[in-house]
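What follows is a single structure, written as structure tokens, with notes after it.
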Ligand code: SAH
Ligand code: SF4
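In our numbering, the protein residues as written are 3 to 374.
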């Protein structure tokens with residue numbers, strides 16, 4: 003705006019139009035004078051956001067989208083974004099609930115309207131899962147996104163734009179409806195650190211979302227975690243670490259990145275994050291049948307998590323199968339037994355509800371299934 007000879011506050015109007023009013027065309031920005039809109043258009047400026055190209059609806063209410071990024075460029079590519087009404091319990095027990103209601107601990111949706119929470123009758127409650135890269139370079143052996151390799155990083159606008167497109171589709175009112183964001187879609191956010199954090203800034207400062215309702219998941223990129231620990235708390239989402247194994251030996255077979263940054267180095271970096279009151283670090287743990295789901299693994303995870311001394315909880319995820327990936331799902335009994343072992347050891351542990359199985363809801367599955 004300044005380079006066009008306009009006052010800088012015009013940029014704020016522009017951001018408000020894109021991120022709050024969610025307009026998708028310059029001509030609709032009525033807060034800007036018509037002459038200015040004309041001038042911007044004449045000089046070739048455009049506004050826009052990623053477009054929802056395909057929608058897949060699950061019987062459980064989950065919607066999965068293939069979202070087109072970079073339209074108009076040579077490299078049109080899609081990423082996956084997911085809308086999960088009611089969340090998937092992944093947010094339970096990590097301090098998210100205290101963002102609006104300090105009395106609640108977890109899992110008590112029925113109490114919402116009585117406790118004066120922000121979510122009442124007719125209000126939406128959902129979690130949006132956001133991608134940070136097209137594909138991923140980390141090569142975890144159980145993950146379908148890994149099979150794509152890294153195609154490219156998403157820009158800040160493409161990361162934040164996925165959220166705006168989905169909020170717009172569901173007519174979400176920020177501040178009234180309760181929406182959580184998880185950066186757990188395709189890609190490793192901490193290998194696209196600057197764009198990821200720039201997207202968080204757009205979503206917090208311009209769109210008005212709370213960073214306490216956002217969780218970023220990393221496979222354990224230590225330099226990224228160290229930078230993240232330095233972010234101001236007004237902008238810092240909560241942190242989830244994909245632990246996925248009880249020890250380095252198993253972890254490095256499943257996640258080759260563990261050769262570079264082992265469990266101890268990841269935990270050391272996580273210790274640097276200054277947590278908010280009631281905030282917990284989440285350890286995600288994918289249960290692979292016979293490989294990471296045994297009773298001794300659960301006991302080992304309990305010891306490991308206790309040794310960190312961190313306020314922590316564990317999110318257990320039954321592995322979602324995918325074509326060409328040589329693992330098996332855990333036995334149903336194994337998952338609950340694993341959870342109970344952790345709980346008995348005093349570690350809060352939750353099962354992530356499988357969502358949208360009928361529409362291939364596991365990481366990277368949709369893109370691979372639809373696009374081959
Ligand atoms: N790259 C980041 C964030 C995206 S993956 C990370 O790895 O943390 C988000 C979560 O999905 C990770 O905890 C990962 O371990 C898990 N995941 C990957 N593939 C999966 C599958 N097939 N079934 C279940 N969980 C999976
Ligand atoms: Fe990448 Fe996460 Fe999949 Fe590992 S689990 S390959 S880091 S997206």
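Beta carbons are placed, not taken as given, at the ideal position from N, Cα and C, and that holds for glycine.
Predicted model, so just to flag it, every value in this text is computed and none were measured.
In this structure, the ligand SAH has a non-hydrogen atom nearer than 7 Å to the beta-carbon of residue 140. Counting every other CB atom within 10 Å of its CB across the protein chains shown gives residue 286 a total of 16 or more, marking it as buried. For residue 285, the three-state secondary structure derived from DSSP is strand.
In this structure, DSSP gives residue 219 an extended state, which the three-state scheme calls strand.
The closest CA to that of residue 171, considering only 10, 281, 139, 55, is found on 55.
Residue nearest to residue 128 within the set 336, 176, 218, 43 is 176 (criterion: CA-CA distance). For the pair of segments examined, the segment 181–190 was found to touch the segment 147–167: the number of CB pairs separated by less than 8 Å reaches three. The segment 253–267 makes contact with the segment 130–146: 3 or more CB pairs, one atom from each, lie closer than 8 Å.
Residue environment for residue 315: buried (at least 16 other C-beta atoms within 10 angstroms of its C-beta). In the structure shown, residue 38 falls within a helical segment according to DSSP collapsed to helix, strand and coil. Nearest Cα to residue 181 within the set 92, 196, 334: 92. Between the beta-carbon of residue 248 and that of residue 306 there is about 6 Å, and that keeps the pair under the 8 Å contact cut. Residue 186 carries a coil assignment under DSSP once its states are collapsed to helix, strand and coil. When distances are taken from the beta-carbon of residue 150 to the heavy atoms of the ligand SAH, even the shortest one reaches 7 Å or more. Annotation for residue 237: 202, 203, 206, 213 place their beta carbon closer than 7 Å to its own, counting only its chain and skipping 5 residues before and after. Contact between residue 52 and residue 69 holds, with the beta-carbon distance rounding to 5 Å and staying under 8 Å. Annotation: residue 33 to residue 82 spans about 33 Å, alpha carbon to alpha carbon. Residue 193 is not a Cβ neighbour of residue 271, given a cutoff of 8 Å. Here DSSP, grouped into helix, strand and coil, assigns residue 274 to coil.
Between the alpha carbons of residue 354 and residue 7 lies a gap of roughly 52 Å. Burial state of residue 295 is buried, judged by a 10 Å Cβ sphere holding 16 or more other Cβ atoms.
The beta-carbon distance between residue 125 and residue 179, rounded to whole angstroms, is 5 Å. This is short enough to meet the 8 Å contact definition. In this structure, the CA atom of residue 335 is about 13 Å from the CA atom of residue 290. CA-to-CA, the gap between residue 86 and residue 173 works out to about 15 Å. The beta carbon of residue 19 sits closer than 8 Å to those of 25, 30, 31, 33, 34, 49, all from its chain and outside the five residues before and after it, given in chain order. Excluding five sequence positions before and after residue 43, the CB atoms of its chain that fall closer than 7 Å to its own CB belong to 28, given in chain order. Distances between the C-beta of residue 326 and the heavy atoms of the ligand SF4 are all 7 Å or more. If you compare the alpha carbons of 317, 274, 79 with that of residue 155, the shortest gap goes to 79. By DSSP's assignment, residue 264 forms no beta bridge with any residue. For residue 253, there is no enclosing beta strand (DSSP E); the residue is found in the alpha helix (DSSP H) stretching over 250–256. Straight-line measurement puts the Cα of residue 14 at about 41 Å from the Cα of residue 267. A straight-line Cα-Cα distance of about 28 Å links residue 3 and residue 168. Within its own chain, the residues whose Cβ lies closer than 7 Å to the Cβ of residue 197, once the five positions on either side in sequence are excluded, are 155, 156, 157, 158, 161, listed in chain order. Residue 331 and residue 165 have their C-alpha atoms roughly 31 Å apart.
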